[in-house]
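According to my numbering, the stretch in the sequence shown is residues 202 to 363, in order.
The beta-carbon is built from N, C-alpha and C at its ideal position, and this holds for glycine as well.
Inspection log for the structure reproduced underneath, given as structure tokens.
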Amino acid sequence: MRKCLFSNVQPPFMNVPKTVTIIAFLLLIILLSCTHNQSYIKSLSNDITTQGFLNDNCYQCIITAKPDPGIEGLVASRESAHINLIKSLEKQCYDTLINATAQLQGISVTDSFQQCLLQQLKQCIDNKVIVVTYFNEDFSETAVVRIYEKGLQQKLATMQCK
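Below, the structure written as structure tokens:
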């Protein structure tokens, strides 16, 4: 009579320790939680028409600059518009954030309020990112700029000027 040699042998997957299985499961959970943030950021990247808050941490400015008058030709007009856009980018970002702050606080913009906010908003403006630029039919150039900072909307709503 023959004996079965494999009767006491366990399948190979049964030899895997429980700790390795638990670690693999936790790693999978962590990876899935990270993909949520990436998908949210990717969904924001499609919105280039909204001027204002995209969420509590991101404000989007849409800035347009025209070429200098008297410039002729497509390339020269676009180059002039691009130079004007780069020159005015920071100032227009400040202006839109100052207006957003005044609107959030329900007050009007005065010269003293504007000067006070310019210094407080410098850190926010340093966190700007140009998402996309494009040229319009009138040879002007438009830039979509996003300003990222954690709790930006709340920060602007509670800024104090003396």
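Asked, Found
"Local conformation of phenylalanine 314 per DSSP, three classes", "helix"
"Cysteine 259 versus lysine 219 - alpha carbon distance", "43 Å"
"8 Å Cβ shell around threonine 250 - same chain, five flanking residues per side excluded", "Ile263"
"Inter-residue Cα distance where the pair is glycine 271 and alanine 282", "12 Å"
"Cα-Cα separation between valine 332 and alanine 344, rounded to whole angstroms", "7 Å"
"Pick from Gln324, Pro268, Phe254 and Ser341 that is closest to glutamate 291, judged by C-alpha positions", "Gln324"
"Cross-strand partners of cysteine 262 (DSSP beta bridge)", "Val346"
"Element boundaries [alpha helix (DSSP H), containing isoleucine 287]", "275-306"
"Collapsed DSSP secondary structure at phenylalanine 340 in the structure displayed", "coil"
"Nearest residue (CA-CA) to threonine 302, options Asp339, Gln355 and Phe226", "Gln355"
"Rounded C-alpha distance that separates alanine 277 from isoleucine 287", "15 Å"
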